[in-house]
Amino acid sequence: MFEGSYGKEPFDLRLTVLRMIRQWGKIAAVTLAGMLIVTGIYCLDNILLRDGKEYRTVSVYRIEYGVDPKDTNLVMINSYTWNTYLHTEEFLSFVKKRLTGSGYEGLGFEELGESIQGDMESDWRVPSAVVITEDADKSSAIAKAVEEALIQDFSKGISEIKDIRVIDHKETEEVLPDLRVGRAAVLGTVLTFFFTVVILLLKELGDDSIWIPAVIRQRYGLKTAGTLKSRELKENICHLFAGRKQAAICTVQEECDPTEAADVLRRICEGTEAESTNWFVVPSLMLCPEAVDKLKAADGVLLAVKAGAHAGKRLEYVLEFLAQQDCEVTSVILLEADELLIKWYYGLRGELKNF
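To convert, take the position in the sequence shown, counting from 1, and add 1186; that gives the numbering used here.
Structure (C-alpha cells):
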C-alpha cells in the first residue's frame, strides 16, 4: 500500500526562500498597488472628503508680571495653565460679553471653548491664543473678543499679572490639511509588502506544490529521473530502464502531453544500454483509469508530473490507485519545471542527489 509523507517532510528553507525570490515581480506589483491604494485613500479622506473648510486666527500676547521673577514662591504660567485659563467659565463669559453686537453673541460656552486653544511654545511671558471655526468672519470676531477679554478683563482677576498686550495679530487664514503623503506611501508600502510576503509564505507552506525533483523523493519516496533539461537525465534513465523491453510513460495531470517527453527519452537512449527500450505513451489515469492495464503490462513505468501548484495531491491520487492495482512505479520525471529555480537550489545545496 502506498504511503505518502506529505506534510511530514522536513521544512526546506532554501526552496521557500528561492520561491519567494522567484516571485519578486508579483510581490513588487502587489506592493506597488497597495502603496497606491493606501496613498489614494489617505489623500481622498484628507482632501476630497474632509469636513468643510476651517479658518484660523492667531494672536500672540506679552505678559508682564507684577512680582519679582526671582521670587521663589512665584508660580509661572505654563502651557497647560494658560490653556486651562482660556477654557474657564469665567473667561468664556468675558469673551461672550465682548461678542455683543458682532452677531455671534448667541454662541454657547461649549462652542466657544471648542474654538479657542491656548499655546505657549517656550517663553512663559509670550503665550498665544488660537481660534479655529468653520467661518472666517466668525474666527476673526471671536479672536477679537478673546483679545479684549484678556487685556481688559482677565488680567484684573490675577494678582501676579500686571499687564497683557497683543504683540502679534495674524490675519485669519484657511487651515490647510496637514498632508503627509510621503509617510502614507511608506506605510502603505511596508504594510502591503509585509502582508504579501506572509500570505505567499502561508501559501507555500500549505500548498502541495512540486517544484523540484527532491520534493518527490522526500515526500513520496520515489526515484526521480530529473527534468527533461537536467544534465543527469540520460544517466538516470539508462540506469533505471536498461534491459527493460517495454517502458510506459504516463502523465499525472490530464492536461499534460507526454509525447514530447517520450521523444526526448528515445533520443537520449540512442547508443546506450537502454536503446532497445520501447517507449510508449499512456494517458493520464485521472482521465482514463482503464489504461492501468497497459502500465501493468510494461516492464517499467515512468510517471510524468507537471511541476507547479496542486501537483502533489494529483500525484498522490495516482500513486494510491497504482498501489491498489499492484503496479510498481519505476521512476518519476518532472515536466515544465523551473530550471533556473532548480539550478539555484542545487547550486546552493552543493550536491545533486536523485535517489
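Each residue gets a CB set at the ideal place from its N, CA and C atoms; glycine is no exception.
Am I right that residue i and residue j are in contact with their C-beta atoms under 8 Å? What's the rounded C-beta distance?
i, j, result
"lysine 1499", "glutamate 1522", "With a Cβ gap of about 18 Å, lysine 1499 and glutamate 1522 do not count as contacting."
"leucine 1527", "tryptophan 1397", "6 Å"
"isoleucine 1328", "serine 1308", "Not really, about 25 Å apart at Cβ, beyond 8 Å."
"valine 1246", "isoleucine 1353", "6 Å"
"isoleucine 1454", "lysine 1420", "4 Å"
"isoleucine 1519", "glycine 1412", "7 Å"
Where does residue i sit, in a helix, a strand or coil, going by DSSP?
i, result
"asparagine 1464", "strand"
"arginine 1248", "strand"
"phenylalanine 1541", "Annotation note: pLDDT 37 at phenylalanine 1541 (below 50); position unreliable, coordinate value reported separately. Residue state, collapsed to three classes: coil."
"tyrosine 1290", "coil"
"glutamine 1432", "strand"
"valine 1518", "strand"
"lysine 1239", "coil"
"glycine 1533", "helix"
"alanine 1497", "helix"
"leucine 1419", "helix"
"methionine 1187", "For methionine 1187, the pLDDT reaches just 44, beneath the cut-off of 50, and the residue's location in the model is therefore unreliable, leaving the point undetermined."
"threonine 1437", "strand"
"alanine 1490", "strand"
"asparagine 1264", "coil"
"glutamine 1510", "helix"
"leucine 1426", "helix"
"leucine 1278", "helix"
"glutamate 1525", "helix"
"glutamate 1476", "helix"
"threonine 1258", "Because the pLDDT of threonine 1258 is 47, which lies under 50, any placement of that residue in the model is unreliable, and the question is left without a value."
Going by C-alpha to C-alpha distance, which of the options sits closest to residue i?
i, options, result
"threonine 1243", "Cys1474, Ala1495, Glu1360, Leu1426", "Glu1360"
"valine 1317", "Ser1326, Trp1310, Asn1269", "Ser1326"
"glycine 1211", "Ile1223, Arg1403, Trp1530, Val1383", "Val1383"
"serine 1279", "Phe1197, Pro1363, Gly1294, Gln1510", "Gly1294"
"aspartate 1237", "Lys1420, Asp1321, Arg1417, Ile1337", "Asp1321"
"serine 1288", "Cys1442, Ala1484, Lys1324", "Lys1324"
"alanine 1483", "Leu1501, Ala1448, Pro1444, Lys1431", "Lys1431"
"leucine 1362", "Tyr1241, Asp1198, Gly1252", "Tyr1241"
"isoleucine 1263", "Thr1274, Ile1249, Glu1276", "Ile1249"
"cysteine 1424", "Leu1451, Thr1437, Gly1407", "Leu1451"
"leucine 1218", "Thr1378, Tyr1503, Pro1399", "Thr1378"
"aspartate 1231", "Leu1391, Val1367, Arg1284, Gly1407", "Val1367"
"glycine 1252", "Phe1197, Arg1311, Cys1229, Gly1292", "Arg1311"
"methionine 1206", "Phe1277, Leu1391, Leu1222", "Leu1391"
"glutamate 1502", "Asp1443, Val1401, Asp1479", "Val1401"
"leucine 1199", "Leu1387, Pro1475, Thr1437, Gln1511", "Leu1387"
"lysine 1529", "Pro1399, Glu1476, Asp1479", "Pro1399"
"glutamate 1525", "Lys1415, Asp1339, Asn1422", "Lys1415"
"threonine 1319", "Glu1297, Val1478, Pro1313", "Glu1297"
"cysteine 1442", "Gln1404, Ala1490, Val1478", "Ala1490"
For residue i, which residues of its own chain have a beta-carbon under 7 Å away from its beta-carbon, when the five flanking residues on both sides are left out?
i, result
"alanine 1428", "Glu1459, Ala1460"
"threonine 1258", "Unreliable placement is indicated for threonine 1258, whose pLDDT of 47 sits below 50; the coordinate value is still reported in the next sentence. There are no such residues."
"threonine 1445", "Val1467"
"glycine 1299", "His1273, Leu1278"
For residue i, which residues from the same chain have a beta carbon less than 8 Å from its beta carbon, with the 5 sequence-adjacent residues on both sides left out?
i, result
"glutamate 1514", "Val1487, Leu1508"
"histidine 1496", "Asp1393, Asp1394, Ser1395"
"alanine 1448", "Ile1435, Trp1465, Phe1466, Val1467"
"isoleucine 1337", "Ile1350, Arg1351, Val1352"
"leucine 1285", "Glu1291, Leu1293, Ala1327, Ile1328, Ala1331"
"lysine 1480", "Ala1434, Phe1466, Val1468"
Looking only at its chain, what residues have a beta carbon closer than 6 Å to the beta carbon of residue i, apart from the 5 residues adjacent to it on each side?
i, result
"glutamate 1440", "Ser1470, Met1472, Leu1473"
"valine 1332", "Val1281, Ala1315"
"glutamine 1303", "Val1316"
"arginine 1504", "A small fix is needed here, since residue 1504 is valine in this sequence, not arginine. Correct list, in chain order: Val1438, Leu1471."
"lysine 1213", "The amino acid occupying residue 1213 in the given sequence is isoleucine; lysine does not appear at that position. Contacts found: Thr1382."
"proline 1313", "Tyr1247, Trp1268, Met1306"
Taking 8 Å as the cut-off, is the C-beta of residue i nearer than that to any heavy atom in the ligand GTP?
i, result
"leucine 1520", "In terms of ligand content, the structure shown is empty, and the ligand GTP therefore cannot be addressed."
> Which runs of the beta strand (DSSP E) spanning at least 3 residues fall entirely within the region 1351 to 1414, listed in chain order?
Replying inline: If you keep only unbroken beta strand (DSSP E) runs of at least 3 residues inside the region 1351 to 1414, you get 1410 to 1413.
> Mind pulling the alpha helix (DSSP H) runs of 4 or more residues that sit fully within the region 1196 to 1233?
Replying inline: With a minimum length of 4 residues, the continuous alpha helix (DSSP H) runs that stay inside the region 1196 to 1233 are 1199 to 1208, 1210 to 1229.
>> Please give the ranges of any alpha helix (DSSP H) in the region 1299 to 1351, keeping only runs that are unbroken, at least 4 residues long and fully inside the region.
In response: Listed in chain order, they are 1322 to 1334.
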